[in-house]
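Here is the structure we will look at, set down as structure tokens.
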Amino acid sequence: MSRRLGRGFFARPTLEVAPDLLNKVLVAPGVAGRIVEVEAYRGSDDPGSHAYRGPTPRNEVMFGTAGHLYVYFTYGMHWCANVVTDGPGTPGAVLLRALTPLRGFARMRQRRPAAMRDHELANGPAKLAQAFGLGKSHDGADLVRACHGVSVRDDGTPPPERPAVGTRIGLSQGTDLPWRFAVSEVAEVSRPVPGR
DNA sequence: ACCGGGATGTTCT
DNA sequence: GAACATCCCGGTG
Numbered sequence: 180m181s182r183r184l185g186r187g188f189f190a191r192p193t194l195e196v197a198p199d200l201l202n203k204v205l206v207a208p209g210v211a212g213r214i215v216e217v218e219a220y221r222g223s224d225d226p227g228s229h230a231y232r233g234p235t236p237r238n239e240v241m242f243g244t245a246g247h248l249y250v251y252f253t254y255g256m257h258w259c260a261n262v263v264t265d266g267p268g269t270p271g272a273v274l275l276r277a278l279t280p281l282r283g284f285a286r287m288r289q290r291r292p293a294a295m296r297d298h299e300l301a302n303g304p305a306k307l308a309q310a311f312g313l314g315k316s317h318d319g320a321d322l323v324r325a326c327h328g329v330s331v332r333d334d335g336t337p338p339p340e341r342p343a344v345g346t347r348i349g350l351s352q353g354t355d356l357p358w359r360f361a362v363s364e365v366a367e368v369s370r371p372v373p374g375r
């Protein structure tokens, strides 16, 4: 039994939403996975955020309504998926970095032939986007309305009381901010969180 | 096990 | 023209 998250869950400050997303379930057609690692990004005072220098064609959905997907293309071959947070005009998003696969193993493996084991199907931001078939067409999709069959659900598993906290990965600015959150001791975390 | 580099093209300066 | 919220493979030890 589970229920889809509503607008109110997402329309809160980014740094509140990010840890609350841990242990929620991301669903796409034929597949599902538990969110076990995320990173918070916000525009106003976060030099690591795509929104830091103001709106552009790429990042405009970060400035829009909470609960939509922000999907961007990077390194010439990878897609990464964020959940938009906070209020209209206040840019914020949470990057989904790792999932524990729950359903649709065969489908994910088909999309990610390089994964040797189940826990490698979605243990990275670009890996999970590929495993879930997320790409350009999903940028701006409304999770609350389950556009394209993509939504976030609560199956009754609460977020960890003490999530692992660390700095974000792959940035050249904002590297000091401890805005990476993970469920401790799960195999799917993309990289170990120092100090826990 | 660990490390280094190449892939590949959009986005913004 | 540089940077990029990454991943994978092949080298070495």
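Residues 180 to 375, numbered by the working numbering, are exactly what the first sequence covers, in order. Cβ coordinates follow ideal geometry from the N, Cα and C atoms, glycine included. All values derive from a computational prediction rather than experimental measurement.
Query                                                                                                                   : Result
Validate contact between the region 320-337 and the region 243-262 using beta carbons, cut 8 Å, 3 pairs                 : yes
Given Ser369 as reference, the closest of Leu275, Lys315, Thr354 and Asn202 once Cα atoms are compared                  : Leu275
Met180 beta carbon near the ligand FMN (any heavy atom closer than 7 Å)                                                 : The model depicted lacks the ligand FMN and carries no ligand whatsoever.
Gly353 and Arg347 closer than 8 Å at C-beta                                                                             : yes
Residue(s) in a DSSP beta bridge with Thr279                                                                            : Arg213
DSSP bridge partner residues for Glu231 (one or two, in chain order)                                                    : Sequence inspection shows Tyr at residue 231; the Glu mentioned does not correspond to that position. BP columns for Tyr231 are empty, so no partner.
Separation of Phe311 from Met256, as counted between CA atoms                                                           : 16 Å
Residue burial classification, Ala190 (beta-carbon count within 10 angstroms, cutoff 16)                                : buried
Residues near Pro338 in its chain [Cβ-Cβ closer than 7 Å; skip 5 each side]                                             : Pro198, Asp199, Leu201 and Asn202
Proximal residues to Arg291 (C-beta, below 7 Å), its chain only, five neighbours per side dropped                       : Leu300, Lys306, Gln309 and Ala310
Where Ala219 sits in the DSSP three-state scheme                                                                        : strand
DSSP bridge partner residues for Val263 (one or two, in chain order)                                                    : Ala272
Neighbourhood of Thr253 by C-beta distance below 7 Å, restricted to the same chain and skipping five residues each side : Cys259
Residues of its chain near Leu286, where Cβ-Cβ distance is below 6 Å and the 5 sequence neighbours each way are ignored : First, the residue type needs correcting, since residue 286 is Arg and not Leu in the sequence shown. Cβ within range, chain order: Gly209 and Val210.
Classification of Gly212 by the beta-carbon crowding that lies within 10 angstroms, buried from 16 upward               : buried
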